[in-house]
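Engineer: Each step along the sequence shown adds one to the number in UniProt numbering, with nothing skipped, and position 275 is 275.
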Amino acid sequence: MFSDLQYSVALYWCESGSGEFSNAVNITINFAPMLHLTVSPSWLSHGASVNLNCEVDPPSEGYRFYWYEAVPDLSRNGYRYELLPDNVNGTRQDSLVIHGQRHTAGYACRVGYGNPEFLSRYSEPKFVCSPVSRPAASLSVSPDREQHFTSESVTLNCGGNSTEWRVMVTSELSFSSYTDSCSTWGAMNGSLCTFSSPQYSKATLWCESESGELSNAVNLTVQDLLLVSPVHPVTEGASVTLSCITREENKLSNVTFYHNNKLRQNDDRGELNISAVSQSDEGFYKCEHSGKVSSQSWVAVEGEADSSFPVMWAVGPVCGIVLVVLLLLLIRFIRFKGQTFIFL
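1) Under a Cβ-count criterion, where at least 16 other Cβ atoms within 10 Å of its own Cβ denotes burial, should Glu-213 be classed as buried or exposed?
2) My output table needs one value for Trp-185: the three-state DSSP class, helix, strand or coil.
3) Suppose the cutoff is 6 Å on Cβ atoms and the five residues either side in sequence are ignored; what does the same chain contact list for Thr-241 look like?
4) Okay, do the segment 217 to 234 and the segment 199 to 208 touch, 3+ Cβ pairs below 8 Å being the bar?
5) If you drop the 5 nearest sequence neighbours on each side, which residues of the same chain put their C-beta closer than 6 Å to that of Asn-254?
6) Taking Ser-142 as the reference, give the member of Val-111, Ser-171, Leu-192 and Pro-85 with the closest Cα.
7) According to DSSP, is Gln-223 helix, strand or coil?
8) Does the Cβ-Cβ distance between Cys-109 and Tyr-68 come in under 9 Å?
9) Can you list the alpha helix (DSSP H) stretches of 4 or more residues lying completely in the UniProt domain "Ig-like" (33 to 120), in chain order?
10) Taking its Cβ as the centre, do 16 or more other Cβ atoms sit within 10 Å of Glu-248, making it buried, or is it exposed?
11) Ordered along the chain, which non-local residues of its own chain (more than five positions away) have a Cβ less than 8 Å from that of Glu-55?
12) Determine whether the beta carbon atoms of Lys-286 and Ser-297 lie at a separation below 9 Å.
13) For Glu-15, which residues of its own chain have a beta-carbon under 7 Å away from its beta-carbon, when the five flanking residues on both sides are left out?
14) Tell me whether Pro-310 sits in a helix, a strand or coil according to DSSP, three-state version.
15) Specify the secondary structure class of Ser-280 as computed by DSSP and reduced to three states.
16) In this structure, how does DSSP classify Gln-296 when only helix, strand and coil are distinguished?
17) Report the residue from Ser-183, Gly-186, Thr-246 and Ser-140 whose alpha carbon sits nearest the alpha carbon of Val-231.
18) Out of Ser-243, Glu-210 and Leu-96, which has the shortest C-alpha to C-alpha gap to Leu-226?
19) For a test of the three-state rule: what should DSSP assign to Cys-193, helix, strand or coil?
20) To the nearest angstrom, how far is the alpha carbon of Leu-156 from that of Thr-194?
21) Is the CB-CB distance between Glu-210 and Glu-152 below 9 Å?
22) Which residues share a DSSP beta bridge with Ala-203?
23) Below 6 Å CB to CB, which residues in the same chain sit around His-259 once its five sequence neighbours on both sides are set aside?
24) Could you tell me the alpha carbon to alpha carbon distance between Leu-288 and Trp-185, rounded to whole angstroms?
25) How is His-232 classed by DSSP in three states: helix, strand or coil?
26) Can you tell me the Cβ-Cβ gap for Pro-131 and Pro-41, rounded? I've got them flagged as a contact below 8 Å.
27) Between Val-111 and Arg-64, is the Cβ-Cβ spacing less than 9 Å?
28) Alpha carbon to alpha carbon, what distance is there between Cys-158 and Ser-280?
29) In three-state DSSP terms, what is Val-255?
30) In the DSSP assignment, the beta strand (DSSP E) including Leu-156 goes from what residue to what residue?
31) Would you mind working out which of Phe-118, Glu-236 and Gly-291 sits nearest His-46, comparing C-alpha positions?
32) Following the continuous beta strand (DSSP E) through Ala-137, name the residue where it begins and the one where it ends.
33) Does DSSP put Asn-250 in a helix, in a strand, or in coil?
Right, here's the structure in full:
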């Protein structure tokens with residue numbers, strides 16, 4: 001038995017103690033391909049598509065690619081993988097575009113090769129993050145902002161229809177992205193994750209439930225000058241206020257605000273007030289004060305809730321009843337006219 005093979009092709013035979021040799025056999029070893037999945041964008045904006053790309057080493061034109069959703073499996077402290085729709089037979093393309101994705105989700109890939117077909121291991125899961133929450137899983141932050149001071153105590157709360165949770169964090173390190181759970185870098189107690197000295201100056205976090213749900217994601221940054229902005233999406237038409245603070249001062253004046261790296265406001269006011277938010281206001285914001293610049297935070301804008309639905313639910317039945325009454329009156333009128341004609 002051997003496991004540490006150094007050659008892809010080798011000749012093997014047996015030798016007995018009496019000096020006899022067995023027949024020789026050629027053994028060819030096919031080393032399993034290594035997979036690396038990339039997801040773009042990693043943070044969802046309104047209406048964006050998700051692009052998956054599965055890189056294989058060594059490269060080959062004979063691979064068949066299979067695409068999966070990574071579903072949290074807390075019992076195994078990992079994930080289970082479910083084939084994406086219409087992907088049972090795989091594809092020859094090493095990339096895939098997903099349209100209409102609105103919520104945080106994890107993805108993985110693997111390849112089939114050889115005849116008969118062998119399946120490789122799954123790639124490490126990669127995540128596309130969204131600020132949009134759902135009833136089954138949501139994440140809230142206390143203090144309720146994206147940016148936090150160094151050594152400030154931060155609590156993350158998972159809410160939804162589950163009794164067991166884990167909080168995941170992903171951060172871009174020098175050479176690669178890194179994903180880990182709260183139990184490694186903080187304290188997990190039920191649905192609460194608490195930490196005070198983050199290992200990362202910038203990270204993205206979300207909740208995962210025992211039922212396989214992923215919550216909305218939040219971006220957290222740690223520094224000394226903070227932009228105070230909404231953690232959750234703002235509804236179109238609503239008002240929003242952004243401000244800039246330090247650990248010593250809760251409100252600053254003479255603050256410059258930037259939207260997508262373009263000057264948005266530069267005066268003696270300490271706040272940026274947007275009275276009626278629109279889709280054009282979505283994007284990255286940062287503030288500058290006394291030569292210091294905060295990290296940028298994403299402000300998400302979601303479409304105004306369609307108020308016509310409740311109205312239609314109320315008006316629809318009423319209109320139906322009115323139409324039925326009118327129809328009955330019309331039939332009665334026609335019959336009456338017919339009877340009148342006969343008597344004449």
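Beta carbons: idealized from backbone N, C-alpha and C, even for Gly. Model, not experiment: these values are computed from the prediction.
Structural biologist: Taking the definition as stated:
1) Residue mapping note: residue 213 aligns to position 213 of the sequence shown, counting from 1. Glu-213 is buried by the Cβ-count criterion.
2) Within the sequence shown, numbered from 1, the residue matching residue 185 stands at position 185. Helix, per DSSP.
3) On the sequence shown, residue 241 is found 241 positions in, with the first residue counted as 1. Around Thr-241: Glu-271 and Asn-273.
4) yes
5) To locate residue 254, count along the sequence shown from 1; it is residue 254. If we look at Asn-254 and ignore the five residues flanking it on each side, its Cβ neighbours are Asp-268.
6) Locating residue 142 in the sequence shown gives position 142, counting from the first residue. Out of Val-111, Ser-171, Leu-192 and Pro-85, Leu-192 has the C-alpha closest to the C-alpha of Ser-142.
7) Taking the sequence shown and counting its residues from 1, one reaches residue 223 at position 223. Assignment of Gln-223 by DSSP, reduced to helix, strand and coil, places it in the coil class.
8) In the sequence shown, counting from the first residue as 1, residue 109 sits at position 109. In the sequence shown, counting from the first residue as 1, residue 68 sits at position 68. Going by C-beta atoms, Cys-109 is nearer than 9 Å to Tyr-68.
9) none
10) Position 248 of the sequence shown, counting from 1, holds the residue named residue 248. With fewer than 16 neighbouring CB atoms inside 10 Å of its own CB, Glu-248 falls in the exposed class.
11) Numbered from 1 along the sequence shown, position 55 holds the residue referred to as residue 55. Leu-35, His-36, Leu-37, Thr-38 and Asp-94, listed in sequence order.
12) As a position in the sequence shown, residue 286 is number 286, starting the count at 1. As a position in the sequence shown, residue 297 is number 297, starting the count at 1. In contact: Lys-286 and Ser-297 (Cβ atoms closer than 9 Å).
13) To locate residue 15, count along the sequence shown from 1; it is residue 15. The beta carbon of Glu-15 lies closer than 7 Å to those of Phe-21 in the same chain, with the five residues before and after it left out.
14) As a first step, residue 310 is located in the sequence shown; it is residue number 310 there, counting from the start. Bear in mind that the predicted position of Pro-310 carries a pLDDT of just 42, short of 50, making it unreliable; the figure below should be weighed with that in mind. If DSSP states are grouped into helix, strand and coil, Pro-310 belongs with the helices.
15) Position 280 of the sequence shown, counted from the start, is the residue given in the question as residue 280. Ser-280 falls in the helix class under three-state DSSP.
16) If you number the sequence shown from 1, residue 296 lands on position 296. Here Gln-296 sits in coil by DSSP.
17) Translated into the one-based positions of the sequence shown, residue 231 becomes position 231. Nearest C-alpha to Val-231: Ser-140.
18) Against the sequence shown, residue 226 aligns to sequence position 226. Checking every option, the nearest Cα to that of Leu-226 belongs to Ser-243.
19) Numbered from its first residue, the sequence shown carries residue 193 at position 193. DSSP, read as helix, strand or coil, puts Cys-193 in strand.
20) Counting from 1 along the sequence shown, the entry for residue 156 is found at position 156. Counting from 1 along the sequence shown, the entry for residue 194 is found at position 194. When rounded, the distance between both Cα atoms is 6 Å.
21) As a position in the sequence shown, residue 210 is number 210, starting the count at 1. As a position in the sequence shown, residue 152 is number 152, starting the count at 1. Contact annotation: Glu-210 and Glu-152 have beta-carbon atoms that are not nearer than 9 Å.
22) On the sequence shown, residue 203 is found 203 positions in, with the first residue counted as 1. Its beta-bridge partners are Leu-220.
23) Here residue 259 refers to the residue found at position 259 when the sequence shown is read from its first residue. Here the set comprises Gly-283 and Tyr-285.
24) In the sequence shown, residue 288 corresponds to position 288, counting from 1. In the sequence shown, residue 185 corresponds to position 185, counting from 1. Contrary to the premise, residue 288 reads as Glu rather than Leu in this sequence. In a straight line, the C-alpha of Glu-288 is about 31 Å away from that of Trp-185.
25) Position 232 of the sequence shown, counting from 1, holds the residue named residue 232. Three-state DSSP puts His-232 in coil, outside helix and strand.
26) The sequence position of residue 131 within the sequence shown is 131, counting from 1. The sequence position of residue 41 within the sequence shown is 41, counting from 1. Contact doesn't hold; Cβ gap of about 13 Å is too wide.
27) Position 111 of the sequence shown, counted from the first residue, corresponds to residue 111. Position 64 of the sequence shown, counted from the first residue, corresponds to residue 64. Yes, the pair counts as a contact, with Cβ atoms nearer than the cut-off.
28) Along the sequence shown, read from residue 1 onward, the residue named residue 280 stands at position 280. Along the sequence shown, read from residue 1 onward, the residue named residue 158 stands at position 158. Near 30 Å, if we compare the C-alpha coordinates of Cys-158 and Ser-280.
29) Along the sequence shown, read from residue 1 onward, the residue named residue 255 stands at position 255. Three-state result, Val-255: coil.
30) As a first step, residue 156 must be located in the sequence shown, where it is residue number 156. 154 to 160 is the span of the beta strand (DSSP E), which, as asked, contains Leu-156.
31) The residue labelled residue 46 in the question sits at position 46 within the sequence shown. Minimum Cα distance to His-46 is reached at Glu-236.
32) Here residue 137 is taken as the residue at index 137 of the sequence shown, counted from 1. Bounds of the beta strand (DSSP E) holding Ala-137 are 137 to 142.
33) To locate residue 250, count along the sequence shown from 1; it is residue 250. DSSP places Asn-250 in the coil class of the three-state scheme, outside both helix and strand.
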